[in-house]
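Notes for the one structure printed next.
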Amino acid sequence: MTTAQHPHNTPALLSLIPHAFAVLWLGLMAGFFGTYSANVNLATLQMDGATYATVQSAFNRNVRHALFFVLFFGPPLWCALAIATAWREHRALWWRLLAVVGVAYLLGIVFFTQQVNLPLNYTTEAWNPRALPDDWPQVRDQWNAANLWRALLSVGCFAAAVGTLVGRLAGRRT
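Note that the working numbering has the sequence shown beginning at 5, numbered continuously upward.
Structural data, given as structure tokens:
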């Protein structure tokens with residue numbers, strides 16, 4: 005057993021903290037996107053255009069707060085901190101997979117949101133609920149499909165991150 009793997013090595017144990025936070029933050033975001041796709045998006049399919057435009061715009065405006073930003077941008081930062089504090093283990097499978105998870109979230113959630121969801125948000129926020137464009141159902145469906153992608157990817161990232169933590173802890177016992 006190496007010093008880095010010894011269960012009573014305080015620096016090694018402290019390096020688990022950002023890893024655990026990465027898993028927690030990924031789980032919170034998977035829950036957020038998953039709940040939205042499985043509940044809110046389905047409910048909006050039952051709304052008339054004016055109601056949808058009003059509700060979706062309200063959701064978009066109200067999600068812009070400090071706590072959401074901390075949670076939304078946190079996973080790749082926690083992943084980066086976790087792998088940085090465990091640099092000596094960079095050859096371990098868990099380490100490499102957690103790096104992939106961080107990059108996947110950064111590109112597949114953060115960048116995707118900037119490129120796809122935010123432009124759709126700005127579109128719906130510009131609508132007059134009393135005079136909707138003819139393509140409003142297609143815009144709604146595009147947004148819902150994009151959010152489903154974020155939900156599925158975030159659940160995958162969370163599951164993979166849980167696997168990295170389990171693998172890392174299992175490796176410490178050997």
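Beta carbons: idealized from backbone N, C-alpha and C, even for Gly.
All of these numbers come straight from a predicted model, not from anything done at the bench.
Asked: According to DSSP, Asn132 sits in a beta bridge with which residue or residues?; Found: Ala135
Asked: Would you kindly report the start and end of the unbroken alpha helix (DSSP H) that includes His23?; Found: 20–39
Asked: Have a look at Leu111 and Leu30 and give me their C-alpha separation to the nearest angstrom.; Found: 14 Å
Asked: Could you compute how far the alpha carbon of Leu49 sits from the alpha carbon of Pro137?; Found: 17 Å
Asked: Taking Ala57 and Trp153 to be in contact with their CB atoms under 8 Å, please state how far apart those CB atoms are, rounded to whole angstroms.; Found: Actually they do not touch by this definition, with Cβ atoms about 22 Å apart.
Asked: Comparing alpha-carbon positions, which option in Asn151, Leu75, Ala26 lies nearest Gln119?; Found: Asn151
Asked: Could you give the distance in angstroms between the alpha-carbon of Gly175 and the alpha-carbon of Val166?; Found: 14 Å
Asked: Given this structure, state the Cα-to-Cα distance separating Asn125 from Val104, to the nearest angstrom.; Found: 28 Å
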